[in-house]
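Worksheet for the structure shown next.
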Amino acid sequence: MMHNDLEPGKTKKKDCLQHAMWTLATSRSSQFQVYECKLYAKTRQLFQAFEPEETCHHLCSELAQAWTLLAIYELTCQDFHRGLMSAGRAFRLIQMMRLYELDAPQTTPNMQLEQCPGIVHLQDPVQEDWIDLESKRRTFWLAYTIDRFTSMVDGLHMFFDEHLIRTRLPASEVNFVNGLSTNMRFLADVISGDDIRCTDGDLSPFAESAIAAAICGRVLEHKQKPPSKLQDFCSRHRSLYALLGQRIDLLQIYASLEYPDPLIAFATLGAHVSVLMLYELAESRPLGSEAQGMRLTQALSAEHKQQSLDAVDDAALVVTVLGQHFQVHPLTPILLLLGGRFSQSHPGFNNAYVKLIPGIMTTLQAFYGLNKVAEDFIELLKSGNEKYNYFSQTEVPMSMQ
Numbered sequence: 012m013m014h015n016d017l018e019p020g021k022t023k024k025k026d027c028l029q030h031a032m033w034t035l036a037t038s039r040s041s042q043f044q045v046y047e048c049k050l051y052a053k054t055r056q057l058f059q060a061f062e063p064e065e066t067c068h069h070l071c072s073e074l075a076q077a078w079t080l081l082a083i084y085e086l087t088c089q090d091f092h093r094g095l096m097s098a099g100r101a102f103r104l105i106q107m108m109r110l111y112e113l114d115a116p117q118t119t120p121n122m123q124l125e126q127c128p129g130i131v132h133l134q135d136p137v138q139e140d141w142i143d144l145e146s147k148r149r150t151f152w153l154a155y156t157i158d159r160f161t162s163m164v165d166g167l168h169m170f171f172d173e174h175l176i177r178t179r180l181p182a183s184e185v186n187f188v189n190g191l192s193t194n195m196r197f198l199a200d201v202i203s204g205d206d207i208r209c210t211d212g213d214l215s216p217f218a219e220s221a222i223a224a225a226i227c228g229r230v231l232e233h234k235q236k237p238p239s240k241l242q243d244f245c246s247r248h249r250s251l252y253a254l255l256g257q258r259i260d261l262l263q264i265y266a267s268l269e270y271p272d273p274l275i276a277f278a279t280l281g282a283h284v285s286v287l288m289l290y291e292l293a294e295s296r297p298l299g300s301e302a303q304g305m306r307l308t309q310a311l312s313a314e315h316k317q318q319s320l321d322a323v324d325d326a327a328l329v330v331t332v333l334g335q336h337f338q339v340h341p342l343t344p345i346l347l348l349l350g351g352r353f354s355q356s357h358p359g360f361n362n363a364y365v366k367l368i369p370g371i372m373t374t375l376q377a378f379y380g381l382n383k384v385a386e387d388f389i390e391l392l393k394s395g396n397e398k399y400n401y402f403s404q405t406e407v408p409m410s411m412q
């Protein structure tokens, strides 16, 4: 998200960003974890001291980056709900800076806050170099990913509207670090249309994680939509299954199980979990009258059952691989929790409980001491097991018998 080290004589905003970077970095290193609590306290102090001045300054990407990094740290290492609050602060800053439409043709001038609170002034857009622009793109896409995956935990409504996004997907890390200008595709172009199979070779792992977030968001939005015509529901449902099938096929082409890229593994697991969420939705959503709804539910389940069965097997494999590698996406525990929930509620579905739960619990336990949300999710899954007596595997829902 950031390109170079922050320069000497940095502003208060950049000081906040620097400390947010340090805090997140120490949480990922056993060598420096002894400094983590004090550094986090100092970081929060800097943010709080800056707040009274914040509305009297121009918005800048450093401030959005700082809140985004702080949100990741709090989501994973402190308190999940506190992290959501910090994430909301980052989302609003990003929205006000219009980072979701950085590459829109004839973009309207950026709006920035002047000295008088409550008054918004338009300033002429300044020509930016590619690195600065790409840094802002990466800030947006990281926040977008956080928005989508955190919303999936409790089924919250999402902040960013996918239909308004006019910011290109993030470039590869190599191009970004070396300042090699490249034009990436737009999200809408990649995940819609017949050209989907012709574009993936140029996508960075970061871009793949953003695409996975978008598709997971579509599944969640599909779930949240109020009851509609059966035909509309079935059309959306089948379209999402088809899209997920294409993404999974593409990810498996160049995903290495021996040396997995953390972002590719995360995107792959996200796709498999989304398939399971769709299967569960068709099962639980009342569709029409009782008899009609039951027939339609059975038809949808039968139509995509094999894809869902494969998702259990493939997700179990990805989870096992993730448990053997130190580097993982910080939001991976969210997908593990969702996979665990499905396993607990569908113990007889392709032996989902037997295949998924052991790997999920082992992988979450590997995060102990490094990722607090993983520890919290372990307790949630354990309480679920106790509630349904799944440890003994003697109680099977009637729908599975």
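Every number in the working numbering is 11 more than the matching position in the sequence shown, counting from 1.
All C-beta atoms, glycine included, are put in the ideal place defined by N, C-alpha and C.
These numbers were taken from a predicted model, which means no experiment stands behind them.
Could you spell out the range, first to last residue, of the alpha helix (DSSP H) harbouring residue i?
i    : result
A377 : A363 to A377
A36  : K23 to S38
A253 : L241 to Y265
S203 : That residue, S203, is in no alpha helix (DSSP H); it is neither H nor E in DSSP.
S220 : P216 to Q235
V323 : K316 to L333
Only counting the same chain, and skipping five residues up and downstream in sequence, which positions put a Cβ closer than 7 Å to that of residue i?
i    : result
Y155 : F171, A221 and A224
L251 : R229, V230, H233 and L289
W78  : S97, R100, A101 and L104
P271 : V332 and H336
K147 : S72, L110 and L113
S183 : S215
F43  : T37
E85  : R93, G94 and S97
E386 : Y379
Grouping DSSP H, G and I as helix and E and B as strand, with all else coil, what is residue i?
i    : result
S146 : helix
L191 : coil
Y111 : helix
R93  : helix
L124 : Confidence at L124 is low in this model, with a pLDDT of 42, below 50, so the placement of that residue is unreliable and no value is reported for it.
F102 : helix
A182 : coil
D272 : coil
L381 : coil
C88  : helix
P341 : coil
I176 : coil
M169 : coil
C71  : coil
G281 : helix
T295 : Going by the sequence as given, residue 295 is Ser instead of Thr. In the structure shown, S295 sits in a helix (DSSP, three-state: H, G or I).
R159 : helix
I need the straight-line Cα distance from residue i to residue j, nearest angstrom please.
i    : j    : result
L261 : P216 : 12 Å
F187 : L153 : 15 Å
S285 : T22  : 42 Å
L50  : A276 : 31 Å
H30  : I83  : 13 Å
Q235 : A199 : 21 Å
R352 : P116 : 43 Å
F197 : I176 : 8 Å
P238 : I264 : 37 Å
E219 : F151 : 14 Å
S354 : N362 : 8 Å
I389 : Q376 : 8 Å
V365 : I371 : 11 Å
S319 : L287 : 6 Å
G395 : Y379 : 20 Å
P369 : A327 : 9 Å
L167 : I157 : 12 Å
R296 : E145 : 41 Å
M108 : F58  : 19 Å
E62  : F360 : 51 Å
L367 : H357 : 11 Å
Just checking my contact of residue i with residue j at CB under 8 Å: how many whole Å lie between their CB atoms?
i    : j    : result
L231 : M169 : 7 Å
D114 : T193 : Contact flag wrong, Cβ pair sits at about 13 Å.
L349 : V330 : With a Cβ gap of about 12 Å, L349 and V330 do not count as contacting.
H248 : A293 : 6 Å
E3   : T54  : Lying outside 12 to 412, the shown extent of the chain, residue 3 is not represented and no answer is given.
L80  : M32  : 6 Å
L180 : M195 : 4 Å
G334 : T374 : 4 Å
V384 : F91  : 5 Å
I'd like the list of long-range same chain contacts for residue i, defined as Cβ closer than 8 Å, with 5 residues on each side in sequence excluded.
i    : result
N382 : T87, C88, P341 and P344
I226 : I202, L251, L254, L255, R258, G281, A282 and S285
Q317 : none
In chain order, what residues of the same chain have a beta carbon less than 6 Å from the beta carbon of residue i, not counting five sequence neighbours either side?
i    : result
L392 : G351
H315 : Y252
V339 : P273 and L333
D418 : In the structure as shown, the chain begins at 12 and stops at 412. Residue 418 is therefore absent and cannot be evaluated.
A313 : none
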